[in-house]
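For the record, the sequence lines run as chains L and U.
Under this note's numbering, think of the first position of the first sequence as 1, with each following residue one higher.
Under this note's numbering, think of the first position of the second sequence as 329, with each following residue one higher.
Ideal Cβ placement from N, Cα and C applies to all residues, glycine included.
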Amino acid sequence: MNKVTTTLWGLLVLVILSAMAAITFGPADIDSAELITCLVSNCQNPIANVIIWQIRIPRVLVALVAGMGLAIAGAILQNTTRNPLADPYLFGIVSGAGLGATIANITLADNLTIALPLAAFLGALFAVIIVVFIAKVLQRMEQLLLAGVAVSFMLASITQFILYFGEPFATNRVIFWLMGSLARVEMSNFYVIASVLIVAIVTVFALHRQIDALLLGDESAASLGVDVDKLRLLMLGICAALTATIVAYCGGIGFVGLMIPHIVRQLVGVTTLKLIIGSALIGAIFLIWVDVIARSSLPHAEIPIGIITSALGSIFFLFIMYRSRAIN
Amino acid sequence: MKLTSLLLTLLLISSSAYAELSIETNKELDKELSKEENKPSIIALAPHIVEMLYDVGAGEQIIGTTAFADYPEQAKKIPRIGNYIRLQLERVIELQPDLIIAWKNGNPSDDLARLEQLGFNVIYSHPLIFSDIAKEVRHFAKLTGHSEQGERVAKKFELELAKIIMTYQDKTVITGFYELWSRPLTTVAKGSWPQQFFNICKVKNPFAKVITPYPQISIEQVLPAAVQVIIQPLSVNQKEREGFNWQDWPMIPAVANKQIIQPDADAMHRMTVRSLTALKDLCAAIDKTRTILQQKHN
């Protein structure tokens with residue numbers, strides 16, 4: 001077993017241990033004996049039963065797949081665009097989701113449970129469609145990122161305009177929704193995200209050699225028989241669907257897609273297959289623990305998860321940059 | 329920008345010091361006692377709901393609330409289970425309330441939907457005008473087993489409100505400016521809670537017709553309105569709250585005549601029985617301004 005394979009197996013063990021440990025954290029006071037009883041046999045305490053099976057386990061599982069999904073989306077985009085700053089959020093996905101959430105908050109305030117994730121998902125997809133359309137019109141797919149930034153600002157300004165003239169409390173709801181949270185998730189959300197994630201992983205695994213060819217440059221990839229624009233578009237579509245699904249249920253969770261692939265490259269290298277597996281595992285571990293911090297660090301309240309991912313992520317990212325500079 | 333003004337709206341409406349948690353309350357015992365007396369245990373998810381429940385005599389049945397519920401004094405001892413951004417669902421489940429009273433606009437709707445899905449009995453508070461306070465007082469009193477006291481409080485509230493309206497209905501209208509927030513300068517318009525104070529105290533709001541209920545404006549828009557009185561509510565619990573420096577603009581009649589009124593923001597912005605005292609005091613202060621202006625005019 002080589003070093004990379006050992007690392008990946010080690011990470012898998014860490015994912016499993018993290019998920020199990022995360023179930024023990026939460027504001028409700030449940031002792032470990034009760035927790036184990038509830039997990040392996042019939043729960044004696046109905047309150048503990050609800051907390052464990054309907055609150056904590058869905059949260060941990062959604063953190064696991066959302067962390068995997070965001071990190072994979074970042075890794076795919078960075079490899080297919082050969083841009084280290086590529087991140088699903090740079091394609092206007094969060095701004096689009098924010099616009100969708102705003103419209104839902106203003107017009108469908110009484111049915112937000114269904115309307116909000118649906119509108120956010122449609123908003124995110126709408127943003128990506130505009131970005132791709134612009135890049136197509138310009139006939140320069142390599143300018144996807146710049147188009148994404150422009151669309152992002154455009155959609156954000158529309159959102160702010162609607163909020164300014166809308167119901168005052170809607171602003172609060174949208175702003176805090178965009179900060180991200182796993183508090184609202186349930187098992188059905190896990191099944192949806194996991195399904196999209198599996199489709200994404202299978203597709204990327206099937207096309208990993210073509211994506212690797214892109215790393216050599218567009219011309220080299222084309223000479224190897226890769227339809228560069230088509231592949232890039234397909235990958236963008238997969239990342240958009242994956243991120244939009246996660247954002248719809250969890251709100252904005254920044255920095256995971258940008259940061260995790262960079263960490264993984266240092267551990268397992270740049271080729272797509274290893275990068276995707278490594279990103280999925282580290283992304284899952286990262287988000288599971290960030291959610292533990294979100295729900296356990298304050299005695300009477302939760303911290304929006306996006307605040308922690310951005311705070312921890314940026315510090316850790318700067319540390320990695322400094323370390324790689326020192327090595328070089 | 330809008331975030332600031334809206335945060336302030338929420339904070340002003342329900343602001344004050346973050347109360348310390350007092351977990352020592354024997355929740356189980358309280359719950360059993362209240363159930364025995366056919367008085368449900370309650371989680372009240374907004375400061376104004378807590379106040380209303382204390383008004384009808386159901387304060388002791390509250391087993392959990394959110395941040396900023398600081399009135400009356402005993403409310404500071406109620407365990408906290410979240411804030412207006414997010415509730416701690418695990419804590420709510422652990423407390424097993426018979427009834428959850430939530431604020432329609434001010435609580436996270438997804439958390440409330442989840443609680444309803446888990447089988448909790450959630451009812452909503454949604455006061456938009458003064459008369460809604462009396463309606464909700466009656467409703468909450470009935471739900472919590474205090475109908476008699478609720479009826480008394482609601483009746484008294486309605487009578488006093490009618491009396492205030494009658495006292496000021498024929499008064500001369502003067503022009504006023506309501507400073508909801510100073511940076512950015514934010515005021516109120518139709519559809520906002522404070523606009524009612526202006527309507528009853530017979531004050532014309534030059535920004536009443538603006539499309540958004542809490543518009544941000546510039547001093548340039550205030551100057552031509554020639555406002556005769558400025559209402560600058562300040563919260564005693566917000567130490568950093570800094571009012572707009574009106575003294576820099578002596579050309580405004582209200583500033584020249586020193587007619588800047590600074591009422592208690594908490595009492596004004598919280599939709600409870602207390603807001604009637606704030607209304608009464610504000611109308612009286614505005615009436616004094618009216619008298620001063622008339623004397624100057626004569």
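Residue i - partner residues in DSSP beta bridges
i: tryptophan 509(U); result: Thr514(U)
i: serine 453(U); result: Trp431(U)
i: valine 247(L); result: None; valine 247(L) has no bridge partner.
i: aspartate 592(U); result: Leu562(U)
i: valine 531(U); result: Ile502(U)
i: alanine 372(U); result: Thr393(U) and Ile429(U)
i: valine 557(U); result: Gly504(U)
i: glutamine 544(U); result: Thr514(U)
i: glycine 410(U); result: Leu415(U)
Residue j beta carbon less than 8 Å from that of residue i
i: threonine 245(L); j: phenylalanine 121(L); result: yes
i: isoleucine 276(L); j: isoleucine 72(L); result: yes
i: phenylalanine 255(L); j: serine 324(L); result: no
i: valine 378(U); j: alanine 403(U); result: yes
i: alanine 147(L); j: alanine 240(L); result: no
i: glycine 69(L); j: leucine 242(L); result: yes
i: isoleucine 315(L); j: alanine 294(L); result: no
i: valine 384(U); j: threonine 514(U); result: no
i: isoleucine 421(U); j: isoleucine 47(L); result: yes
i: phenylalanine 319(L); j: histidine 262(L); result: no
i: isoleucine 260(L); j: serine 279(L); result: yes
i: leucine 145(L); j: leucine 108(L); result: no
i: threonine 606(U); j: alanine 613(U); result: For the record, residue 606(U) in the displayed sequence is alanine; it is not threonine. Contact flag unset, no.
i: valine 516(U); j: tyrosine 496(U); result: no
i: valine 689(U); j: valine 601(U); result: Shown here, chain U extends from 329 to 626; a query on residue 689(U) therefore has no answer.
i: alanine 119(L); j: glycine 100(L); result: yes
i: glutamate 507(U); j: glutamine 560(U); result: yes
i: lysine 425(U); j: glycine 478(U); result: First, the amino acid is wrong: residue 425(U) is proline here, not lysine. No; because the gap between Cβ atoms is not below 8 Å, this pair is not in contact.
i: arginine 598(U); j: histidine 376(U); result: yes
i: isoleucine 106(L); j: glutamate 167(L); result: yes
i: alanine 206(L); j: isoleucine 238(L); result: no
i: isoleucine 114(L); j: valine 247(L); result: no
i: glutamine 54(L); j: leucine 446(U); result: yes
i: serine 468(U); j: alanine 386(U); result: The question names serine, but residue 468(U) in the sequence shown is phenylalanine. It is a contact, given that the beta carbons lie within the stated cut-off.
i: valine 196(L); j: glutamine 210(L); result: no
CB contact below 8 Å: residue i versus chain B
i: isoleucine 371(U); result: Judged by its chain identifiers, the structure shown contains no chain B, and its protein chains are L and U.
Practice prompt. Check whether the region 402 to 417 of chain U touches the region 368 to 378 of chain U, counting contact only when three or more Cβ pairs, one atom from each stretch, lie closer than 8 Å.
Written response: yes
Worksheet item: Relative to chain L, which residues along the region 414 to 436 of chain U have a C-beta separation below 7 Å, given in chain order?
Response: Arg414, Gln416, Leu417, Glu418, Arg419, Ile421, Glu422, Gln424, Asn433 and Gly434
Worksheet entry | Cβ-based contacts, 7 Å cut-off: residues of the region 435 to 457 of chain U near chain L | Ser437, Asp438, Asp439, Ala441, Arg442 and Leu446
Fill in: Three CB pairs or more closer than 8 Å across the region 280 to 295 of chain L and the region 13 to 25 of chain L
yes
Fill in: Near-chain L residues of the region 387 to 399 of chain U (beta-carbon distance less than 9 Å), N- to C-terminal order
Thr394 and Ala395
Practice prompt. Select from the region 7 to 35 of chain L all residues with a C-beta closer than 9 Å to any C-beta belonging to chain U, and list them in chain order.
Written response: Gly26, Pro27, Ala28, Asp29 and Ile30
Worksheet item: What residues in the region 51 to 71 of chain L bring their beta carbon closer than 8 Å to a beta carbon of chain U?
Response: Ile51, Gln54, Ile55 and Arg56
Discussion item. For a minimum of 4 consecutive residues, which ranges assigned as the alpha helix (DSSP H) are wholly contained in the region 193 to 263 of chain L?
Written reply: 208 to 214, 218 to 223 and 228 to 250
Worksheet item: Any chance the region 19 to 30 of chain L sits against the region 412 to 420 of chain U, with 3 or more Cβ pairs inside 8 Å?
Response: yes
Worksheet item: Are the region 182 to 202 of chain L and the region 49 to 62 of chain L touching, with three or more C-beta to C-beta distances below 8 Å?
Response: yes
Item to complete: Output, in sequence order along the chain, the residues in the region 532 to 547 of chain U whose CB is closer than 7 Å to any CB in chain L.
Response: Ile539, Thr540, Pro541 and Tyr542
Practice prompt. Decide yes or no for the touch test of the region 452 to 465 of chain U against the region 500 to 512 of chain U: beta carbon pairs closer than 8 Å, at least 3 of them.
Written response: no
Worksheet item: Given a limit of 9 Å on CB to CB distance, which residues of the region 176 to 201 of chain L reach chain U?
Response: Phe176, Trp177, Met179, Ser181, Ala183, Arg184 and Glu186
Item to complete: Name, going along the chain, the residues of the region 584 to 605 of chain U whose beta-carbon falls closer than 8 Å to a beta-carbon of chain L.
Response: none
Worksheet item: Going along the region 299 to 322 of chain L in order, which residues come within less than 9 Å of chain U, judged by CB to CB distance?
Response: Pro299, His300, Ala301, Glu302, Ile303 and Pro304
Discussion item. With a threshold of 8 Å, are at least 3 pairs of Cβ atoms found where one atom belongs to the region 576 to 590 of chain U and the other to the region 549 to 566 of chain U?
Written reply: yes
Item to complete: Taking a Cβ distance cut-off of 7 Å, strictly less, list which residues of the region 139 to 172 of chain L are near chain U, in chain order.
Response: Gln160, Leu163, Tyr164, Phe165, Pro168, Phe169, Thr171 and Asn172
Worksheet entry | Inter-stretch contact at 8 Å, needing at least 3 Cβ pairs: the region 207 to 226 of chain L / the region 31 to 48 of chain L | no
Fill in: Contact list for the region 475 to 491 of chain U against chain L, Cβ threshold 8 Å
none
Practice prompt. With 8 Å as the limit, tell me which residues of the region 243 to 254 of chain L have their beta carbon closer than that to any beta carbon of chain U; keep them in chain order.
Written response: none
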